[in-house]
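Worksheet: the structure to be examined is printed underneath.
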Amino acid sequence: MFAVLIALAIAAVIGYTAQVTGLCMVRGVSDWVRGRRLRLTAILMAGFWIYLFTPLIAYHDRSFLAVYPFHWSTPLGGFVFGIGSAINGACSISTATRLSSGDLRMLLTMFGWLDGYC
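Residue 157 in the working numbering sits at position 115 of the sequence shown; the count goes up by one each step and never skips.
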């Protein structure tokens, strides 16, 4: 039960942040192309901190990260996801945020995710 409460709290923080700041890698790249580098820099720095501290989590044997062997479908899936994000104009977080704000066009993206998963 405690883990569910923590997950809900984290989801609420991410949702609030996405609504207020426009947290989105697609938007970050778009801003970078236009000469505004702050948003993309912030996203990349957040990723860097995760990259930096993940070995510490594994070292203390509290790892919750699954490790999978490399397969060609992983970069291909990332490429297809990137193309879809560019067409959609939103990454996964922005898609969920826009859907929760009432933009029903994002339902097609959700169906695409389900189709890709199955």
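Even glycine gets a Cβ: it sits at the ideal position worked out from N, Cα and C.
query: If you drop the 5 nearest sequence neighbours on each side, which residues of the same chain put their C-beta closer than 8 Å to that of Thr-137?
result: Position 95 of the sequence shown, counted from the first residue, corresponds to residue 137. Cβ-Cβ distances below 8 Å link Thr-137 to Asn-130, Met-148, Thr-151, Met-152 in the same chain, with the five nearest sequence neighbours on each side left out; the list follows chain order.
Gly-120 in three-state terms, based on DSSP: Counted from its first residue, the sequence shown places residue 120 at position 78. In the structure shown, Gly-120 sits in a helix (DSSP, three-state: H, G or I).
- prompt: With distances taken between CB atoms, is the gap from Cys-133 to Ser-142 smaller than 8 Å?
  reply: Within the sequence shown, the letter at position 91 stands for residue 133. Within the sequence shown, the letter at position 100 stands for residue 142. By the CB criterion at 8 Å, Cys-133 and Ser-142 fall outside the cutoff.
Own chain partners of Gly-70 with C-beta closer than 7 Å, once the 5 adjacent residues on each side are dropped: Along the sequence shown, read from residue 1 onward, the residue named residue 70 stands at position 28. Only Arg-81, Leu-82, Ile-85 meet the Cβ criterion.
field: Beta-carbon gap between Ile-125 and Leu-65 smaller than 8 Å
entry: Indexing the sequence shown from 1 puts residue 125 at position 83. Indexing the sequence shown from 1 puts residue 65 at position 23. When the beta-carbon positions are compared, Ile-125 and Leu-65 stay at least 8 Å from each other.
field: Residue from Asp-73, Ala-88, Phe-44 whose Cα sits closest to the Cα of Ile-56
entry: Here residue 56 corresponds to residue number 14 of the sequence shown, with the count starting at 1. Of Asp-73, Ala-88, Phe-44, the residue nearest in Cα terms is Ala-88.
task: My understanding is that Thr-139 touches Ala-49, with C-beta atoms under 8 Å, so please give their C-beta distance in whole angstroms.
output: Against the sequence shown, residue 139 aligns to sequence position 97. Against the sequence shown, residue 49 aligns to sequence position 7. With a Cβ gap of about 18 Å, Thr-139 and Ala-49 do not count as contacting.
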